[in-house]
Each structure stands twice: as C-alpha cells, then as structure tokens.
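Student:
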Ligand code: CTP
C-alpha cells in the first residue's frame with residue numbers, strides 16, 4: 478500500500494542493459510507511489526531492452542540517455558546536483574566496474590563520477606559474473622566509499638542456470654531507498670532562513686547601486702539544507718538563478734525589502750544564514766524618473782547607510798542560531814572574528830572577495846569557518862555545492878556541541894571573550 482514516505486524526495490533512477498530492465502518500470506511506479514519525484518537515465522544498452530518512452534510517460538520527465546541529448550544543457554552536471562538519491566536498478570557488471578574505476582563513457586557513468594549524493598545499487602547479472610573476483614573487488618571498493626550495494630537474489634537466471642544474480646525484489650529495493658533517504662534527512666524539523674544575492678539601491682528609474690554577488694553560495698546552501706530535510710526559506714536579491722524546487726523563495730530588490738522579508742520570518746526560524754551581499758549604502762534621494770544626461774551638472778549622489786540586517790536580527794534573537802558571511806579582501810581571520818563578535822554571531826564564514834579568485838560570481842569558493850567557541854576551520858577551494866555541505870556539517874556539529882544560547886547568556890559570552 479503506497480504512502481508518502483518519499484514525499485519531497487527526488488530520485489534519479491539509472492537503468493542499465495540487463496534483461497531485468499523491464500522490472501525498473503514497476504520500481505519507478507512504486508517509488509512514485511510513495512511520493513518520490515523520479516527522473517530516469519538509461520544507458521544505450523538499456524534502451525535495447527525497453528523504450529525510453531515508457532519511462533518518459535510514467536515519470537512525466539524526459540529520459541536522458543546521452544550527454545549530448547540536449548534535454549538539459551549539461552545533464553551530467555545538473556541532474557545529480559538536483560536529486561537526493563541515485564538508484565541504479567538493474568545495474569550491470571559493466572556499470573559497477575565503471576563506477577568503481579571512475580570510468581565515464583556514457584551519461585550514466587559520467588554523472589556517477591560527478592555526483593556527491595548517495596548511490597544505491599541493485600545489481601543484476603549472470604551468477605558466474607557476480608562470483609568473479611574482479612566484480613567482488615569492485616563491489617567492495619564501492620561499499621568502502623559508502624555506496625549501498627544490495628545482494629542480488631538467488632533463482633533462475635536469464636541464461637536458464639540457477640544462481641545468485643537476479644535483481645533484488647522490488648520491496649527490498651524500495652525499503653533500502655526509504656532507509657537511505659531517512660538517513661540523509663539530518664536537518665528534518667529545522668526551519669532555516671537563508672538570504673542570498675546582492676541588493677539593488679535605486680538612483681533613478683533605471684539606475685541602481687549594486688555589487689557582483691551572483692547568489693550561488695546562498696542557493697547552494699538552500700538546496701543542500703533542503704536535501705537534508707530542513708524547511709528552507711530563501712530570501713533572494715536579484716540573480717539569474719532559478720527558484721529552487723521545494724524551497725520557499727522570496728524575491729526582493731533593496732536592502733530595506735530584504736530586511737522586511739527576513740524580519741517577518743525570523744521569529745519562526747531556527748537558523749539564519751546571511752549569505753547576501755547586502756548593500757551598505759543607498760542614495761539619499763531616489764528620482765522617480767530617469768535622470769537625463771543633459772540635466773546632470775556634476776552634482777554628487779548623496780548616500781546614506783542601510784540597516785545592518787544581521788546585527789538588527791541578532792539583537793532580537795530568542796533561540797535562533799546565526800551564521801554570517803564576511804566578505805573580505807585582506808586579514809581574513811582577524812576581520813571575520815571582528816564581525817563574529819560585533820554582530821554576536823554563532824558562526825562566520827569568511828570568504829575572499831576581489832581579485833581573480835573572488836568568491837563573487839564564481840563557481841567555486843574557498844572559505845574559513847569561525848565559531849564563537851574559537852574553532853577555526855579553513856576549507857580548500859571547492860565547488861559552492863561542496864562548500865555548502867561542509868558549512869552544514871559545521872552547523873550540525875556546532876548545534877550538537879552547543880544549542881543556541883538565550884540572548885542574556887550570549888551577551889555574557891561575548892563580554893567574557895573580550
Ligand atoms: N549584512 C547585513 N546587512 C548589511 C550588511 C551586511 O545583514 N547592511 C550581513 C551580510 O549578509 C553578512 C555580514 O553582515 O552576513 C557581513 O557582511 P560584510 O559585507 O562582510 O560586512 P559588513 O557588515 O557590511 O562590514 P564591512 O563593510 O565593514 O566589511
């Protein structure tokens with residue numbers, strides 16, 4: 478009987494060239510029956526056993542078979558980033574070997590090489606192949622990497638022989654999927670409020686003051702927190718990024734709008750992560766119409782300070798854990814620590830801005846995480862997706878070590894640490 482155990486879960490089902498490929502149809506329907514949103518990727522040989530159209534109609538998603546298929550710009554990069562779990566069923570000896578060795582000659586093996594998300598394998602092959610020492614070794618390698626490889630079942634095989642090699646039954650696979658998904662929902666029940674992107678402070682009807690933040694770090698955090706089961710709200714300044722599936726996305730333009738959007742949601746949040754590059758200054762007077770060149774006589778644009786949103790929310794906190802980002806060009810640790818203390822935060826993620834390796838509008842980031850307990854964690858340069866996951870690991874560790882302090886004891890904490 479179907480239920481909603483997998484509600485809100487995105488599964489990528491990889492189907493490879495085995496006679497058991499037809500059984501993946503039943504598996505797809507059962508996973509969907511439990512509430513999962515399933516996309517299918519097939520190898521070429523799988524398409525000789527069963528038509529992609531079958532999966533396409535049932536899953537309501539295009540089936541990707543080829544790196545160059547054109548369904549998405551770069552399916553091997555975008556598909557695995559957006560799913561919670563990859564299930565390979567049925568998985569042939571060839572795909573197991575490719576995955577273990579890091580070979581990538583088709584879309585499925587390529588995305589296995591790019592993914593960070595958990596992978597579950599339901600093998601299906603001839604019994605003699607499963608017993609081969611080389612396959613045993615590959616399975617051992619994959620299990621050591623944290624991949625769940627189910628045992629194939631014993632029974633009559635396609636060759637007519639009897640042995641271990643049959644695709645595990647659907648119930649076993651679905652149970653393993655549910656277990657895997659439950660294990661990744663470490664932030665279930667947590668409400669996380671995240672700000673992202675730049676703000677725009679209008680000068681006139683068409684011009685504004687802004688900065689080069691792309692929003693990628695905040696979006697990566699929102700996606701990663703959602704995958705870990707958190708209830709996520711993302712308040713974002715103008716970016717070219719798409720709203721995230723499963724995340725409440727609120728669009729704002731100015732620092733004032735961002736402040737209001739965060740203020741109204743802060744009380745209900747458990748954690749606030751401020752990745753936004755909030756504009757610190759705004760024009761004192763905004764012209765409603767466009768300023769014509771001929772009308773400008775060289776008058777300067779007068780600026781005023783915007784609210785420091787993070788500092789204001791920190792002063793109002795009741796139970797929330799606060800994480801700030803510090804955009805610095807120099808003296809990273811020193812400046813980051815100063816912001817941590819001044820804004821009374823639990824953690825600060827310091828990143829370098831300006832220069833060739835600037836965190837702004839970059840696919841990668843190199844950060845240092847500072848906590849109010851004095852822990853300093855420098856991280857190597859990696860994709861913003863990986864950085865996001867490492868920051869969430871730090872957050873979870875911090876939460877376990879020290880639940881949020883009430884405001885009175887927090888004031889004491891900061892005055893003692895002076
Ligand atoms: N921040 C904020 N409101 C502002 C400015 C910054 O909430 N008006 C938040 C940012 O989202 C970030 C943290 O404060 O999490 C630090 O931002 P940063 O720009 O590094 O520093 P500032 O506080 O603006 O200080 P400075 O310009 O002196 O570096």
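In this note's numbering, the protein residues as written are 478 to 895.
The C-beta atom is built at its ideal place from N, Cα and C for all residues, glycine as well.
(1) Any chance you could list the alpha helix (DSSP H) runs of at least 4 consecutive residues sitting entirely within the segment 678-741, in chain order?
(2) According to the neighbour-count rule (16 or more other Cβ atoms, all chains shown, within 10 Å of its Cβ), is residue 778 buried or exposed?
(3) Return the bridge partner residues of residue 514 from the DSSP annotation.
(4) Mark residue 857 as exposed unless 16 or more other C-beta atoms lie within 10 angstroms of its C-beta, in which case mark it buried.
(5) Which residue from 850, 838, 833 and 868 puts its Cα closest to that of residue 844?
(6) Spatial neighbours of residue 838 within its chain, please: CB distance less than 6 angstroms, with the 5 preceding and 5 following residues excluded, ordered by chain position.
(7) Could you tell me which whole beta strand (DSSP E) segments of length 3 or greater appear in the segment 774-815?
(8) Starting from the C-beta of residue 767, find all residues in its chain whose C-beta is less than 6 angstroms away, skip the five residues before and the five after it, and write them out in chain order.
(9) Specify, as a first and last residue, the run of the beta strand (DSSP E) that residue 633 falls within.
(10) According to DSSP, is residue 503 part of a helix, a strand, or is it coil?
(11) With a 10 Å radius around its C-beta and 16 neighbouring C-beta atoms as the bar for buried, classify residue 805 as buried or exposed.
(12) Please name the residue in 758, 716 and 798 whose C-alpha comes closest to that of residue 743.
(13) Alpha helix (DSSP H) containing residue 645: first to last residue?
(14) Which residues bound the beta strand (DSSP E) around residue 759?
(15) Can you give the Cα-Cα distance for residue 484 and residue 776, rounded to whole angstroms?
(16) Please name the residue, chosen from 808, 541, 750 and 608, that lies closest to residue 802 on a Cα-to-Cα basis.
(17) Got a sec, what are the start and stop residues for the alpha helix (DSSP H) residue 670 sits in?
(18) Buried or exposed: which applies to residue 648, given that a residue is buried once 16 or more other Cβ atoms fall within 10 Å of its Cβ?
(19) Candidates 618, 536, 828 and 634: which alpha carbon is nearest residue 807's?
(20) Taking residue 824 as the reference, which of 524, 705, 847 and 760 has the closest Cα?
Tutor: Concretely, from the data shown:
(1) 693-704
(2) exposed
(3) 487
(4) exposed
(5) 868
(6) 689 and 691
(7) 780-782 and 798-805
(8) 681, 682 and 683
(9) 630-633
(10) helix
(11) buried
(12) 798
(13) Where residue 645 is concerned, there is no enclosing alpha helix (DSSP H), given that its DSSP letter is neither H nor E.
(14) 758-760
(15) 58 angstroms
(16) 750
(17) Segment 668-673 is the beta strand (DSSP E) holding residue 670; no alpha helix (DSSP H) there.
(18) exposed
(19) 828
(20) 847
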